[in-house]
Amino acid sequence: MFIQSASVLSSNAGCRYFPSCSEYARTSVSQYGLFRGSVMSLTRVASCNPFSRGGYDPVPRRSREKRRNAIRTEL
1 MFIQSASVLS
11 SNAGCRYFPS
21 CSEYARTSVS
31 QYGLFRGSVM
41 SLTRVASCNP
51 FSRGGYDPVP
61 RRSREKRRNA
71 IRTEL
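Numbering of the sequence shown is given in full-length UniProt numbering, commencing with residue 1 and proceeding in unit increments.
In structure tokens:
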């Protein structure tokens, strides 16, 4: 919420990434918990600078989900 409010005040109100940093934070906290999700979110916000290319950067899936999907595709 704060990130969205702060970005409205900045001259460049658009986020370089998709999903936006606030949506990334919401998703990472819900998937990984408060501590790890917050660390992931802060890392994402810190990488948002004029030298980054931005683009599509989703929250990584948990390894358990990756394994489960790999097993399903093998069957």
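Here a beta-carbon is modelled for each residue, glycine too, at the ideal position from N, C-alpha and C.
With contacts defined by Cβ atoms closer than 8 Å, Asp57 and Tyr17 form a contacting pair. In the three-state reduction of the DSSP assignment, Gly37 falls in the helix class, which pools H, G and I. The C-alpha of Arg53 is placed about 17 Å away from the C-alpha of Leu42. In the DSSP assignment, Cys21 falls within the alpha helix (DSSP H) that extends over 21-32.
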